[in-house]
Structure formats: structure tokens, C-alpha cells
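>
Number of protein chains: 2
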Amino acid sequence: MAEQEKEASFPAKENFSEWYNELLRTAEIMDVRYPVKGLYVWHPFGFSIRKNVYAIIRELLDKDHQETLFPLLIPEHEFMKEAEHIKGFEEEVYWVTHGGTNPLDVKLALRPTSETAIYPMYKLWVRSHADLPLKLYQIVNTFRYETKHTRPLIRLREITSFKEAHTVHATWDDAAAQVDEAIRIYIEFYRQLGIPVLPSKRPDWDKFPGADYTIAVDALMPDGKTLQVGTAHHLGDSFAKTFDITYEDPEGEQILAHQTCYGISERSIASMISIHGDDKGLVLPPQIAPIQVVIIPIIFKDGTEVLEACENVRSTLGSAGIRVKIDDGDNRPGAKYYKWEMKGVPIRIEIGPRDLKNNAAMVVRRDTGNKEQIPLDNIKNEILERFDNIHADLLAKAEDEVQSRIFDCETLDEVREKLPQGIARVHWCGVKECGLKLEEDIGAGILGIPTGQDENVTGKCPVCGADATTRVYVARTY
Amino acid sequence: MAEQEKEASFPAKENFSEWYNELLRTAEIMDVRYPVKGLYVWHPFGFSIRKNVYAIIRELLDKDHQETLFPLLIPEHEFMKEAEHIKGFEEEVYWVTHGGTNPLDVKLALRPTSETAIYPMYKLWVRSHADLPLKLYQIVNTFRYETKHTRPLIRLREITSFKEAHTVHATWDDAAAQVDEAIRIYIEFYRQLGIPVLPSKRPDWDKFPGADYTIAVDALMPDGKTLQVGTAHHLGDSFAKTFDITYEDPEGEQILAHQTCYGISERSIASMISIHGDDKGLVLPPQIAPIQVVIIPIIFKDGTEVLEACENVRSTLGSAGIRVKIDDGDNRPGAKYYKWEMKGVPIRIEIGPRDLKNNAAMVVRRDTGNKEQIPLDNIKNEILERFDNIHADLLAKAEDEVQSRIFDCETLDEVREKLPQGIARVHWCGVKECGLKLEEDIGAGILGIPTGQDENVTGKCPVCGADATTRVYVARTY
């Protein structure tokens, strides 16, 4: 297919769903043609994005967590111990029933999440108050038998990249502080991806099965729906009771431990590519981009000098640790621009004879399209400065977008009117029945109570008309 | 338990099996108490060893392979396509039969290895000779329903760390060259772990199900048994036939592709800790050690000066990229030595008042126990030099050990006599029946034909007495 046709066939981002699917394909992130519904294949390019994204979360966690690895298979008797937890997952669990041609004595669940794999070991590991806090995490594949419409990176039967942390603390308050800390870590993680997230405390009917409460972070997707991209759960002592996790306090008494768990998945990547991408394809923050700079030689007759200059720039940038590549292939420059724009390379450098006369190069930003001639002598610093600017601009743009799409609404009609564009913030009396009725009436979900909101709320619940105790985010959700 | 008792209770390496299990526990590598047979838990310390080991294989492969990720679950119809392959695995495959409470329409296999997950996609990805060679790899969990005795890191039901590469080539010869290249990569990988491996071409009855031939690398374990720690398979065009993987050659004809695959697992870690370890616990090559240097302050009354000197050394080494830690805990120095020796820290630095008077530190090598006073002014270079020496010495020692335990044998009686000590090298006529009879008679396996051996073999097959065409390694195997 000619390049021009290809360009023409790439859908506008306005048609978000179509754009998203085509982006995954054309930018070579995921292949959806694997012969099982809800399972997808990472292309090498997509996988290298994943590597860079997960390097960030690892770096953030490694400050005071340790990475570990627990088995995928959970025996039925452990899985079935926590009643609330089972209820939450029983429709979604894959069961291994046979080894070879023989039925297994004990059925094995593919972990949908690892509480019931990890906590039997925590029972053995936690002995004394000196062992606490215990903060471990793992990055693993988990499984959900999704019956809803599946979608790459967003709703999967194999979540290939679930980062789950599991912590143990002496007191309920320590665990609560850890939930707050988890949310701070996630906000920082998403900040590095250039994504503003909205933290909120989930309503009781939407918390993690078995938890005291759940705080989640949501990202606003281009179609106005929100995507839950991280959750942190205060487990209280309910799992500790079930799995008998106790510690000896300084006075020699056995005390039930308190726990938290928190997770993120490849939805982080879904939100990043969706929010930053544009009609030309991927737009990646420099820290994430597998290729950060592509150099395109503009050659007319003899290209020796131009190629030499390109190689010098490559070498200068490469020794500064920048991931840089020269595209000296046979395609015309336009085709090269198309290709590397699609792949989200943050900066393109063009060097032709005219640039060389000025001892300069043309530097083009992927996010803004902005072109500037830059002296070759200072190219490294100019590029590094642009990396910072690109990240800051992507984040600022995304923040503006979110802020412009949060609407304070007083009535259900207003909520209905605004929801197609984004998030409604409405008063709520705090009564479950009103919350559920609101969700039913408008056909959308209560995300939760924004964390850190002003304590003095004055307003009326749009359902019952009583005085509101809080405000909540309402949105259409993935 | 008092430290001294603990020390006394650690078994001698002579009792290899007991030593191995106790090492995994005491050095905090794996926990074997997970409630399913053959599944184990990585302790954070063990996992950090794994990280360093897999960073090496990634670096070696990333030169001309790309990392990717395919689904764990393989639909029955794909898994059952390749007849030889099924025969090899059907007794060992775990089957997922239920999603939630419903039986699945199509049973899903947990990958025992990923040929049947990957090659349906290769059919779609490989179009033209320009797409070749294609060299991808992934690091994933794979599953085998082992009915034999399981053992952590060695024989597992969940292999947590399977690195499998899958390549596609135009010709049979290109694929054969890739198999050789894979073996070169593995030899280099193990060299970096300080482990000499023996490559040999597996006899036909022991090759990978569906392959043209298999070359494997084995490590000699302390108990004289060999452990297969890497395999490379020439798949010919048999999987290409099954999965319809063809490419268009420059003349426009559709040609069947040729393929290879090659894998290593956490057995790499099993061999490394087994071969280098000693009666005091782990011994790790510096490149692998999560902590490379531990500094122990030797404090009598006022420790201010000593602690300051320790901190200076830590900072000097840390800025050189060395993973260094000060143990300024309350235990007596002897207990600290015991602990860090158990964890295989390659170098211990002791600093006390007497050392400080000489502006020096005592530097102790974990592998040899060798102690030297080293001037503080040159500590960084002295440590880096020792890292190189430790690695070289570990490798040389392991090489000597292997060489001293390979025995040329002419008769089956000789083989029987030598096998408890290591590997027998015997002549063979090359006839399958003789090979199988040899294996049966001596109750041990033919590893294979050493690669790169002298072509002129003169000797008699110890089974039939005919002229030998080759020599083979024979060993008791894990």
C-alpha cells in the first residue's frame, strides 16, 4: 500500500474507539489476532514501551518495597477461605481441573489477584512487630474470565502486567497511612507518564471484595469516559483473621495484623497512549519512548557530508544516554516522518545540506509539530531541554483537558447533559440508596468521593433533596 | 536460636541434597511451604538474584533479538496441531476447563512452552524474505504437571522464569547457524555466572518433540549428576508446515520457513548457587550479588571515627556503582560475618580502630576467605580488581572441577565405576539400539555427542564391539 493511502486510512482521534484499535495495530503495540477472545500479543515495540513504563513504577516502589514472586495457581481451599472475596471473584475465575489426562485432586484457580496466594505465606513470615511493616510487590500475569466486551490493554482475560503490592502493618492507622502513600506513589507514577489522575474513595458498594475501603485513581479518556488506572485497598484485619496473620507485640501478646494491597496494570499504558496520541499516531513522553530521537538525513546528490553530520549527532546524543536512531533507509523523507510520528518518537532531527551550511539541524517536536533550527554545537543540551519541555507540556495539556471536563452539577438533568463530555461533580447525602438510584437514573457510575476535598460541603443531594455530606464524581466508565 | 547453634546446624555441602534445601531456606532464596506441590515462592533476596541473572541474558539477547510477550493460554485446537509435539507434552499439560462456574467451549492449555502460542502469529507476521530472520524472545511462566519428585529451581510445576527464544529463517542452514549461535550465547551467559557448561547434541530419542535435532548444555552438579541448563532446537520446517509459515522469496515463490527455539530457566540459578556455594552458604559472582560489599564497623568504646570511615568507604564505593551496605546493627561481628557469608556477599570490609591507625581496612573475600589489609586511599580500585579476580577464580575452580570429573571409559564396567563421581565419555557406534541398551544397562542417560569434538574417533562401541563413529557423554541426570 502506498504511504499516502496509509496516511489517509488512519482514523481521526475523534472516532476514539476506531482510532485506538488502529493505533495499536499501526504503531505495533498489540496484535489482537490471537485465537482466544480477550488475549492479545505484545509486539516488540509495544513491549519496549511496557518496559519503560514498568521501570518507573519499579523505581518508585523499590525505595521501600521489595519485589518478589508468588505462584500463579491457587488451591481451591485457600481461594475459598475469604467469603466476601469469593463472592467478588467467583464468576470470573479460571479453574485448572486437569493435569495431563488426569483430573486433579484439588482444583487450582488462576490468580485473579494474589491475596489468597500470598497471605498463607504471610502467616508464616510475620512473627513479631519487628517484622512490620512488610511491603512486597510483584509484577505478574493475572486472569479474569471477562464476559463483557474485551479490549486490548483495558479489559483483558489475561492481564499480562499486573503490579500488585501487599503490605502488613501493626495497626489500622498504619495501614490507612500506607493506602495514602500508595495513592501518592500512583499520582507520581502517572505524573511521570504525563497523566493527571483523579483519586477518589470508592462508594461502599464498589470497594474491593473483603476490604474496609478502596481509594482509586481514574484517568479521563478522550471519549469522556473514565478509566480506573489504579486502586489501593485498606483490608483492615479481615484477611488477617481469615489467614491467621498475627504478630507478637512488644508486650508479648499476639495481635491481628492489618493489611493493604494496591495495584496497577497495563491500563496505565492504555491511558497514556490514548490521552497523548493524536491524528498522526502515538505521542510518547521522552522517558517512555523506546526511540527518543530519530535523525533523518536529507540527501540530494552526494550525501557523504550529511551522513557524517548525522552520525556525529547520533554519537553525541547516544553518549548522553539518549535513545537515538538514524533512519538512512531508502524511503523518501515524508514516508519516514509518517512512520516515526506514528511511533511517537518525541523529537525528529532533519539534517540537509542547507542546515549544514549554518552548522545547524532542524529539530521537530512530535507533540506540537514545532520546528526550530538548532546549532549543532549545542544539540545535546537543546534536546535534553526539549525532553523536559515536552513532558511538562504534555502533562499541562492533559491537566487542562481534565479540568475543562469536570462539571459541577446540581440536578440529575445537568448530570445527564454533561456526562457525554466528561465528569460530573455532584452533591450527595451519603445514603447508599440515593447513590444507587442516582447510578440507575443516569446510567453511569459514581466514581467516588474526591480525596482531599474541602470539608465544608453545602448543597443538596439531587436524589432525595437532603443536605449533602459530600460531593462525588460521576462518570461513564470503562 | 543462638547464632552458634544456627551455624552448627547448617549442613555440609557433602550432603548435597540436604545442603541445597537448607541453603534455599537460610539464605532466603525460595520458600517451599506454598500449599501446592511443585510451586515455590521467591523470597525478595532470591528474586534480586534472579533479576541480576536475567539482566545478563537480556543484555546478550537484546543485541539482535527483540523481547515480546505472548498469552499463557493456548486453545486446544492449536495445541493439538503438531503430532510429535503433543506426544511429548500430553501427559504434562495443565488444562483450564472452567471460567467461573461455566465449562469453557474450548479447553485452554497452560503453556508448557510456547511454540503453539507463537507460531499461529508467526504465520501472520512472516510474509517476505525481507522479514527474515525474525528473532524474538520472552521471559514467562510455563507449566508442567510433573509427576516425578519436584525440587525448587530444578523440577517445577510452575517454571517461573522461562526465557524462550523463537526464530524464523529462510533456509535450513540459516536455522542451523542460529542453533550454534544460541549455544554460543548460552556458553557466554554461563561464563558470566562462573559456570562451565558442556554442550552436546542430544541423541535422537531425547530431542525436543517435533525438532530435527537438539543441542543442550549441561552443568555438573556437586553430587556428580548433570543438570540440563539450556537447550536449542532446530525445528526444520515441521512447525512451519503445521502452522503454515511461509515467505515469498525474491522470485515471488512461497517457501516454507525454517525455525529454531531455545530456552533457559531458573535452573541457571540452581546450578550457579550449587556449584559455587560452600559449607558457609551462598557464594555469588560479584555481577550477580544483590549486595556486593558489606562493611562491618569494629567498634570498642567510642565508634564515631570508625563509623565515619565506614561511611566514607560506602560513599566511595557507592558512587562507583558498587552495591554496598554498612551493617551497623547491634549483633556481634561474628554473627554479622555468618549472616553475610550465608548470603554470598563477595567482599566483606572490616574497619576497626587498629585499621584506621594504618589508614586501611581489612578486606575479606567470600570465596577464598582470604584477608588483606588494604589502604583506604585506593579502596575502590582494589575492590573492583577483586571483583574480576573472584569471578575468574570461581570460573577456573568450576572448570577444574568439571575437567577432573570427566572420565574416558572403554567398558560398561568402567562407566559404572566412574559415574558416581561425574561424567563418563565413551565410544559409541551410533546405532540407537546400542545407545538404549547402554542406558538401560548402566541405569544412566546418554547426554549426547559433545559438540566440536575431534572427527577422527578410534575405538569400539562398548555395547556391540563395532567400530565407534563418535564419543558420547554419559551421566546420571536430574
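These protein sequence lines map, in sequence, to chains A and B.
Numbering-wise (our numbering), the first sequence opens with residue -16 and increments by one.
Numbering-wise (our numbering), the second sequence opens with residue -16 and increments by one.
Glycine residues also receive a C-beta, built at the ideal position from the N, C-alpha and C atoms.
Say whether chain B places a C-beta atom closer than 8 Å to the C-beta of A458(A).
It does not: the Cβ of A458(A) has no partner Cβ on chain B nearer than 8 Å.
> Is I356(A) helix, strand or coil when you go by DSSP?
Reading off the sequence, residue 356(A) comes out as Gln, not Ile. Reduced to three states, the DSSP call for Q356(A) is strand.
> Between the stretch 30 to 38 of chain A and the stretch 133 to 141 of chain A, do at least 3 Cβ pairs fall closer than 8 Å?
Judged by Cβ distances under 8 Å, the stretch 30 to 38 of chain A makes no contact with the stretch 133 to 141 of chain A, as fewer than three pairs qualify.
> Alpha carbon to alpha carbon, how far is H60(B) from Y456(A)?
Spanning the two alpha carbons is a distance of roughly 46 Å.
> Using a 10 Å radius around the Cβ and a threshold of 16 neighbouring Cβ atoms, would you call T319(A) buried or exposed?
Note that residue 319(A) is Lys in the sequence shown, not Thr. Under this definition K319(A) is a buried residue.
> If the criterion is Cβ atoms closer than 8 Å, does the pair L359(A) and A344(A) meet it?
Yes, Cβ-Cβ distance for L359(A) and A344(A) is below 8 Å.
> Is L181(A) near the ligand MG, judged by its Cβ being under 7 Å from some heavy atom?
With respect to small molecules bound, the structure shown includes none, and the ligand MG cannot be examined in it.
> Hey, quick one: how far does the beta strand (DSSP E) through M345(B) stretch, first residue to last?
Its beta strand (DSSP E) spans residues A343 to R348.
> Answer with buried or exposed for W25(A), where buried requires no fewer than 16 other C-beta atoms within 10 angstroms of its C-beta.
Buried, since its Cβ has 16 or more Cβ neighbours within 10 Å.
> Counting Cβ pairs closer than 8 Å, one from the stretch 225 to 233 of chain B and one from the stretch 435 to 449 of chain A, do we hit at least three?
No contact exists between the stretch 225 to 233 of chain B and the stretch 435 to 449 of chain A.
> Starting from the Cα of K146(B), find the closest Cα among K363(B), S(-8)(B) and A38(B) and give me that residue.
Taking only the C-alpha atoms, the option nearest K146(B) is A38(B).
> How would you write the range of the beta strand (DSSP E) that N372(A) sits in, first residue to last?
It is not in any beta strand (DSSP E) - N372(A) instead sits in the alpha helix (DSSP H) that spans I362 to S387.
> Relative to the alpha-carbon of K131(B), which residue among L117(B), E75(B) and T125(B) has its alpha-carbon at the smallest distance?
Closest option to K131(B), Cα to Cα, is E75(B).
> Put I142(A) into one of helix, strand or coil per three-state DSSP.
The answer is strand: DSSP assigns I142(A) an E or B state.
> Could you list the residues in the stretch 258 to 289 of chain B with a C-beta less than 7 Å from some C-beta on chain A, going in chain order?
Listed in sequence order: no entries.
> Can you tell which of G177(A), E333(A), L239(A) and A375(A) has the C-alpha that lies nearest to the C-alpha of E355(A)?
Out of G177(A), E333(A), L239(A) and A375(A), E333(A) has the C-alpha closest to the C-alpha of E355(A).
> Report the partner residues of C412(B) according to the DSSP bridge assignment.
According to DSSP, C412(B) bridges with nothing at all.
> Quick check: what's the CA-CA separation for P192(A) versus L378(B)?
Taking the straight line from one Cα to the other gives about 52 Å.
> Count Cβ pairs between the stretch 150 to 160 of chain A and the stretch 105 to 123 of chain A that sit closer than 8 Å; are there 3 or more?
Yes, the stretch 150 to 160 of chain A touches the stretch 105 to 123 of chain A.
> Which two residues bound the contiguous alpha helix (DSSP H) that contains H241(B)?
Unbroken run through H241(B) is the beta strand (DSSP E), H241 to I247; no alpha helix (DSSP H).
> Give me the chain B residues within the contact set of H26(A), using Cβ-Cβ distance strictly less than 8 Å, ordered along the chain.
Correct list: T51.
> Under a Cβ-count criterion, where at least 16 other Cβ atoms within 10 Å of its own Cβ denotes burial, should A451(B) be classed as buried or exposed?
Buried is the call here.
> Tell me, to the nearest whole angstrom, how far the beta carbon of A165(A) is from that of A148(A); I am working on the premise that it is less than 8 Å.
Between A148(A) and A165(A) the Cβ distance is about 7 Å, and since that is below 8 Å, they are a contact.
> Would you grab the beta carbon distance between I198(A) and K184(A) for me? Rounded to a whole angstrom, and I think it's under 8 Å.
The pair is a contact, with the Cβ atoms about 5 Å apart (cut-off 8 Å).
> Please go through the same chain and pick out, in chain order, the residues whose beta-carbon is closer than 7 Å to the beta-carbon of G260(B), but skip the five residues on each side of it.
K(-4), L6 and V266, listed in sequence order.
> Taking buried to mean at least 16 other C-beta atoms within 10 Å of its own C-beta, is M(-16)(A) buried or exposed?
With a pLDDT of 42 at M(-16)(A), under the threshold of 50, the predicted position of this residue should be treated as unreliable, and no value is reported.
> Examine chain B for any beta-carbon lying closer than 8 Å to the beta-carbon of V346(A), and answer yes or no.
Not one chain B Cβ lies under 8 Å of V346(A).
> What residues are listed by DSSP as bridge partners for C392(A)?
Per DSSP, V409(A).
> Can you name the residues that DSSP bridges to F126(B)?
Per DSSP, E141(B).
> Use the C-beta contact count for R315(A): other C-beta atoms within 10 angstroms, 16 or more gives buried, fewer gives exposed.
Looking at its Cβ environment, which holds fewer than 16 other Cβ atoms inside 10 Å, R315(A) is exposed.
> What does the alpha-carbon distance come out to for the pair R337(A) and R16(A)?
Between R337(A) and R16(A), the C-alpha separation is close to 46 Å.
> Helix, strand or coil, according to DSSP, for I278(A) in the structure here?
Strand.
> Mapping DSSP to helix, strand and coil, what is A(-15)(B)?
Because A(-15)(B) sits at a pLDDT of 46, beneath the cut-off of 50, its placement in the model cannot be relied upon, and the following sentence gives the value as read from the coordinates. Three-state DSSP puts A(-15)(B) in coil, outside helix and strand.
> Report the three-state DSSP secondary structure of M63(B) (helix, strand or coil).
Here M63(B) sits in coil by DSSP.
> Within 10 angstroms of its Cβ, does D14(A) collect 16 or more other Cβ (buried), or is it exposed?
By the 10 Å Cβ count, D14(A) comes out buried.
> Would the stretch 267 to 287 of chain A count as touching the stretch 324 to 331 of chain A if we require 3 or more Cβ pairs under 8 Å?
Verdict: yes, contact present.
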